[in-house]
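Residue numbering for the sequence shown follows the numbering used here, starting at 8 and increasing by one per position.
First the structure, in the form of structure tokens, and then the observations on it.
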Amino acid sequence: MVELLLKSTTRILVKDGLTGFNTNKLARVAGVSVGSVYQYFPNKDSLLSALIEAKVAADVEFFIEWMKDAEGWSVERRFEELLLAGIELHRRDHKLMKVIFAQLGSSGQLGLVERTHDRLFDMIRAMIREKRSLGEADLNERTYVVGQLVLAIWHSQVEKDWMKLDARSVARRALSMIQVCIQDGGRS
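Here it is as structure tokens:
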């Protein structure tokens with residue numbers, strides 16, 4: 008039942024946005040009574056919070072599978088494919104992601120997303136460390152810069168204008184910036 012309600016919530020949010028979402032509409036779309044909705048979720052915020060949690064868990068699983076496929080690839084290829092995977096994920100779910108981004112502060116799930124970003128940064132740190140031996144402060148700085156670049160590119164994909172750009176070309180240009188950061192830190 009929870010999965011049905013979350014899938015129905017997603018359909019409504021993608022089609023009508025947050026303003027078109029309420030428990031009566033959810034019950035109608037899910038084919039259940041309003042009482043059934045409240046049996047699992049006491050209010051709209053708890054439902055949105057559960058949806059964000061489920062989306063983050065699915066995204067984490069997506070990247071865990073991606074990491075398995077990436078074993079044995081060069082660091083450069085892993086960065087490029089990581090960028091492409093995130094671009095594809097954010098483009099595929101861009102309408103839902105837009106609603107989620109708008110809800111993060113009020114949903115109580117910002118900490119969950121931050122922990123997910125921490126996992127991404129750990130993966131980036133490991134790839135940088137694999138490519139180059141650095142002191143901890145320098146490694147932290149480069150991880151931060153590369154991580155923020157990756158997140159900015161991914162998150163910008165929820166804006167339709169950016170979706171028109173060729174994903175591979177965007178990933179390759181970003182990879183050039185990442186390589187500069189890893190090699191010499193971009194210091195002048």
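From the three backbone atoms N, C-alpha and C, an ideal C-beta is built for every residue, glycine too.
It should be emphasised that the depicted structure is a prediction, and the values quoted were computed from it without experimental measurement.
Around L11, the same chain offers A37 as residues with beta carbons nearer than 7 angstroms, after the five sequence neighbours per side are excluded. DSSP places T26 outside any alpha helix (DSSP H), giving it a letter other than H or E. Taking every protein chain shown into account, the CB of K75 has fewer than 16 other CB atoms within 10 angstroms, so this residue is exposed. Counting only unbroken stretches of 4 or more residues, the alpha helix (DSSP H) elements lying wholly within the stretch 101-186 are 101-114, 117-138, 143-163, 167-170, in sequence order. By the beta-carbon neighbour count (other beta carbons within 10 angstroms, threshold 16), M104 is buried. V9 sits exposed, since fewer than 16 C-beta atoms from the chains shown fall within 10 Å of its C-beta. If you check the CB distance, I160 and F86 do not come in under 8 angstroms. I94 sits close to Q164, with the two beta carbons spaced by under 8 angstroms. Remark: C-beta atoms of T17 and L58 approach each other more closely than 8 angstroms. Annotated three-state conformation of S56 is helix, per DSSP. The C-alpha of R180 is placed about 21 angstroms away from the C-alpha of E148. Contact between V82 and K138 holds, with the beta-carbon distance rounding to 5 angstroms and staying under 8 angstroms.
Secondary structure note for G79: it is in no alpha helix (DSSP H), with a DSSP letter that is neither H nor E. Around the beta-carbon of Q110, 16 or more other beta-carbon atoms lie within 10 Å, marking it buried. In the DSSP assignment, V39 falls outside any alpha helix (DSSP H) and carries neither an H nor an E. For the pair V177 and E60, the Cα-to-Cα distance works out to about 29 angstroms.
Scanning its chain for C-beta atoms nearer than 6 angstroms, with the 5 sequence neighbours on each side dropped, one finds around R132 the residues T150, in chain order.
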